[in-house]
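Scroll down for the structure; my scribbles are underneath it.
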Amino acid sequence: MMKAGVWRAASRWIAGLAGMTVCAVAVANPPSTARAERLRFDADHGAWVEIPAAAPGTAEGDLAVARSMFTDGKHRNARGAMRRWHKQYGESSDLYPDALLLSAQIDKALRDYYVAGQLLDQIIEDYPGIATAREALVEIFNVAEVFLSGVRRKVWGIPLLRADDWALDVLDRISTEYTKDPLAELAVKTKGDYYYGRGDFSLAELEYARVLQDFPASRYRQYSMRRAADSAVASFNGILFDDAPLVEAEERFRQYVSEYPGVAEQEGVSLQLQDIREKRASKEFEVGDYYQRTGHLKAAAFYYQSVLTHWPETVAARRSEGAIAALPPTLAPDQPPTLPEGRPELQEPARQFPGKEEGVDGK
45 MMKAGVWRAA SRWIAGLAGM TVCAVAVANP PSTARAERLR FDADHGAWVE IPAAAPGTAE
105 GDLAVARSMF TDGKHRNARG AMRRWHKQYG ESSDLYPDAL LLSAQIDKAL RDYYVAGQLL
165 DQIIEDYPGI ATAREALVEI FNVAEVFLSG VRRKVWGIPL LRADDWALDV LDRISTEYTK
225 DPLAELAVKT KGDYYYGRGD FSLAELEYAR VLQDFPASRY RQYSMRRAAD SAVASFNGIL
285 FDDAPLVEAE ERFRQYVSEY PGVAEQEGVS LQLQDIREKR ASKEFEVGDY YQRTGHLKAA
345 AFYYQSVLTH WPETVAARRS EGAIAALPPT LAPDQPPTLP EGRPELQEPA RQFPGKEEGV
405 DGK
C-alpha cells in the first residue's frame with residue numbers, strides 16, 4: 045500500500061511538471077506570424093486558442109478576411125478584398141482607419157511604396173491621436189527609409205522616379221510635429237545618415253548637430269557627436285578654402301573626448317585632433333606664403349609667426365621657422381599688419397586667395 049501511495053504521488057508530481065512545461069513551451073513558442081492575429085494565448089489552459097471569427101458580410105468580418113489573406117502572404121488577393129471593402133463600406137465605417145492601414149501595408153508588401161505612403165499620410169492627418177495613427181507613423185517612417193535607400197517610386201507599375209524629397213519631408217514632419225515620440229530623434233539621425241552617405245557632409249553635420257541640440261538625452265548622442273565631427277572634417281575642401289569646418293571639427297572632437305574618454309582613446313581621436321592641427325597650421329602657412337610670393341613681406345612674417353604661436357609642434361611650424369629666417373630681420377611682426385578686409389581664404393565668392401592687386405599695407 046505504501047508503494048502504491050508513493051507511486052500515485054509521484055505520478056501527480058510528474059503530471060504537474062509536464063503541465064508547466066507544456067505551458068512554458070506554448071508561451072515560448074507562439075504561433076507563426078500568419079496565424080498570430082487569429083489567436084490569443086489562454087493562460088488558464090496554457091495554449092493558444094482561436095479568436096471567434098467575425099461574421100462574413102460585415103465590415104469587421106470582411107476586414108478580418110482581408111487581414112487573414114495578408115498575414116498568409118496572399119497579398120494580391122488581400123488587395124482585391126480591400127478594394128471590395130472600401131467600395132462597400134468606405135469612410136462611413138468606424139473601421140475605416142484600420143482599413144486604410146491594412147491597405148497601406150498591403151501596398152508596401154507589393155512594393156507600391158508611394159501609394160502606401162499616401163494612405164498612411166491620410167491616416168496621420170485625419171485621425172490624429174488614435175492607436176492606428178501611431179502605427180501609421182511607424183509605417184510611413186519605414187516607407188521613407190525605403191525611398192532614401194534608393195528605391196524608386198512606381199509610375200504605371202514601373203519604378204521610375206526618385207522620391208527622396210518626399211521621404212525627407214516625411215522625416216522633417218516626424219521630427220518637428222512628434223517631438224515626444226521616439227521616432228523624432230531617429231528621423232533626424234536618419235536624415236544625417238542619408239546626407240553622410242551621399243557625401244553632403246555640411247548638411248549631415250547640421251542634422252547630427254540637431255540630434256545633439258534637440259535631443260540632449262538621445263540614445264544616438266555618442267553616435268551623432270562622432271558623426272558630426274567626422275562630417276565637419278570631411279567638409280573641409282583644402283587649404284585654399286575656409287578653415288571653419290576644421291575649427292568646428294576640433295571643437296566637436298574635444299567634446300567627444302570629454303564625454304567619452306575611453307571610447308575616444310580606442311578610436312584614436314587624439315590622432316584626428318593632431319591631423320586637424322596639422323591642417324590648420326598648413327593653411328596658415330600657405331596664407332603667409334601667399335603674402336610672401338605677392339611681395340607683402342610683413343604680412344607674410346605675421347602669418348608665419350602665427351603658425352609658431354598656435355601650432356608649434358607641427359610640420360608647418362618648422363617650415364615657418366625657415367621662412368622667417370629668410371626674411372629681413374626688420375620685418376619681425378611685433379604688431380599685426382594692416383590687412384585687406386577679411387583674410388584671404390575668406391574672400392567670396394571664389395573663396396580663393398585674393399589677387400595681388402588688392403594690396404596689403406606694410407608691403
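The numbering used here applies: residue 45 is where the sequence shown begins, and numbers increase by one.
The beta carbon of each residue, even a glycine, is placed where N, CA and C say it ideally should be.
Between which residues of its own chain and residue i is the CB-CB distance below 7 Å, once the five residues before and five after are set aside?
i	result
A103	Y133, S137, L139
A228	I218, S219, Y222
Y158	R197, K198, A207
Quick check on this structure: which residue in the options has the alpha carbon closest to the alpha carbon of residue i?
i	options	result
S193	L212, A122, A180	L212
A148	A175, N121, A180	A180
Y267	A122, P372, F280, T234	T234
Y236	Y222, E169, A253, T220	Looking at the sequence provided, one finds Gly at residue 236 rather than Tyr. Here the closest residue by C-alpha is A253.
S326	D319, A360, Q336, W355	A360
K198	G161, V214, N186	G161
L247	F259, D274, E169, M113	D274
D209	D258, A188, I168, T353	A188
P141	T176, F114, E169, R128	T176
N186	R263, L230, P372, E365	L230
K323	L250, T115, V351, G366	V351
W200	F191, D156, S302, Y238	D156
Which class does residue i belong to by DSSP, given the choice of helix, strand or coil?
i	result
A345	helix
L205	strand
A91	strand
K224	coil
V199	strand
F280	coil
W129	helix
K118	coil
E104	helix
G312	coil
E183	helix
H340	coil
With 16 other CB atoms within 10 Å as the buried threshold, where does residue i fall?
i	result
K224	exposed
V331	buried
A261	exposed
I368	buried
I320	buried
T338	buried
L205	exposed
Q257	exposed
E294	buried
K342	buried
V182	exposed
Below 6 Å CB to CB, which residues in the same chain sit around residue i once its five sequence neighbours on both sides are set aside?
i	result
H119	I150, A153, L154
N123	The sequence shown places Arg at residue 123, rather than the Asn named in the question. Excluding positions up to five away in sequence, the list reads I150.
P289	A276, S279, F280
A272	E249, Y252, A253, R296
Y348	G332, S364, A367, I368
How big is the Cα-Cα spacing for residue i and residue j?
i	j	result
Y304	R296	12 Å
C67	L164	Residue confidence for C67 is low, a pLDDT of 41 falling below 50, so the modelled location carries little weight; the figure read from the coordinates is stated next. Cα-Cα distance, rounded: 39 Å.
Y300	A308	7 Å
A72	A91	Low confidence applies here, because A72 scores a pLDDT of 44, under 50, leaving its location unreliable; read the following figure in that light. Straight-line Cα distance between these residues: approximately 11 Å.
E135	Y171	12 Å
S364	R270	32 Å
F329	P372	18 Å
P203	R242	21 Å
L215	I184	9 Å
H130	A143	8 Å
V232	H354	36 Å
D378	Y335	Per-residue confidence for D378 stands at a pLDDT of 49, beneath the threshold of 50, marking its modelled position as unreliable; the derived number appears in the next sentence. Cα to Cα, D378 sits roughly 17 Å from Y335.
T358	Q316	14 Å
D116	I168	27 Å
Y238	A370	50 Å
Which same chain residues end up closer than 8 Å to residue i when comparing Cβ atoms and leaving out the 5 residues on each side of it in sequence?
i	result
V109	P100, A125
R128	D106
Taking Cβ positions only, does residue i come closer than 7 Å to chain D?
i	result
P356	You won't find chain D in this structure, because it holds only one protein chain.
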